[in-house]
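In what follows, a structure is listed as structure tokens, so that the remarks can point back to it.
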Amino acid sequence: MSDPELQIVESEAEAARVVAELLAAAARSGTEIALTGGSTPRQAYELTADLEPDWSRAGVWWGDERCVPPDDERSNFRLARESLLDRIEREPRVHRIQGELEPERAAAAYEQELQGVGLDLILLGLGPDGHVASLFPNAPILEERDRLVVSAPAQLEPFVDRVTLTPPALCAGHQVVFLVTGEDKADAVGRAFAGPPGPGTPASLVRSTAGRTLVVLDTAAASNLHG
Ligand code: 6PG
């Protein structure tokens, strides 16, 4: 299990650029890429579309989804469609989590789709409470060792059920990349990347087992790591 590498840059825009370059390179080399939801990645996705318009060799997956239809404004798929997929010239193979289904069914279907697939790059965000994907603090699914995808109740807004990759599925990613910006994340960043791992901070449990874990932060999010 690798220690996380921290890359601290001056601004949110620079953090978005670092991640956009990683995503564009991954798309170019035709790998399997899992995207994150939340609001932070929008800028990175838009920049990625400018950097690499040809995604025809890549596969796109999601680390988690809110249980809403794909055109709902809370949908993680919709975020990626608007900020990335609709802006490129050649689409990847799109493997979305079917948020419109009953959560257990959506999780089972995604688990089947993921069987035998190695995710090369998994992009993740971090919640102010330390959650990652839809793995919330002290949730029973943090103990999951066998399943790759499960359903989960939300512990934060938007309060809709979720479908999420489990810790073993996330840790299997060859490159696990966190994108975290803003002062409201500083406390969680300290707990997730500079404290002892534990279920109170789910992101502290997510590290690439065989590859690299990279944490891209702006100075505001990294402010608890200094001194
Ligand atoms: C989601 C996520 C979630 C997100 C964090 C950070 O579906 O909400 O995938 O884990 O990455 O909550 O979200 P923000 O970028 O909005 O702060």
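According to the working numbering, the sequence shown is numbered sequentially starting from 1477. For every residue, glycine included, the Cβ atom is placed at its ideal position computed from N, Cα and C. Computed from a prediction, not measured in an experiment: that's the story for all the values here.
Nearest-angstrom Cβ-Cβ length linking residue i and residue j, presumed shorter than 8 angstroms
i, j, result
"G1513", "R1569", "Rounded, the Cβ-Cβ distance is 19 angstroms, inconsistent with contact."
"L1531", "I1573", "Just to set this straight, residue 1531 is Trp in the shown sequence, not Leu. Not really, about 19 angstroms apart at Cβ, beyond 8 angstroms."
"L1523", "L1599", "Actually they do not touch by this definition, with Cβ atoms about 13 angstroms apart."
"T1685", "L1597", "Going by Cβ atoms, the distance from T1685 to L1597 rounds to 15 angstroms, so no, they are not a contact pair."
"K1661", "P1604", "6 angstroms"
"L1611", "P1643", "7 angstroms"
"E1488", "T1640", "Wrong, their Cβ atoms sit about 25 angstroms apart, outside the cutoff."
"V1626", "P1678", "13 angstroms between Cβ atoms; not a contact."
"C1543", "D1637", "4 angstroms"
"G1687", "H1650", "4 angstroms"
Reduced DSSP category for residue i - H, G, I as helix; E, B as strand; rest coil
i, result
"A1645", "helix"
"R1550", "coil"
"L1701", "coil"
"R1569", "strand"
"L1611", "strand"
"L1618", "helix"
"P1499", "Looking at the sequence shown, residue 1499 is not Pro but Leu. In the structure shown, L1499 sits in a helix (DSSP, three-state: H, G or I)."
Residue i, buried or exposed, once every other Cβ within 10 Å from all chains shown has been counted against 16
i, result
"F1635", "exposed"
"L1632", "exposed"
"P1517", "buried"
"D1694", "buried"
Beta-bridge partners of residue i, as assigned by DSSP
i, result
"A1510", "W1537, I1598"
"R1638", "R1542, A1628"
"T1677", "G1674"
"L1690", "E1481, V1653"
"D1530", "R1566"
Pair within 8 angstroms by beta-carbon distance, residue i and residue j
i, j, result
"R1504", "E1528", "yes"
"A1698", "S1680", "no"
"G1594", "E1541", "no"
"V1665", "L1602", "yes"
Residue i CB to nearest heavy atom of the ligand GTP below 7 angstroms
i, result
"R1566", "Absent from the structure shown: the ligand GTP. Ligands present: the ligand 6PG."
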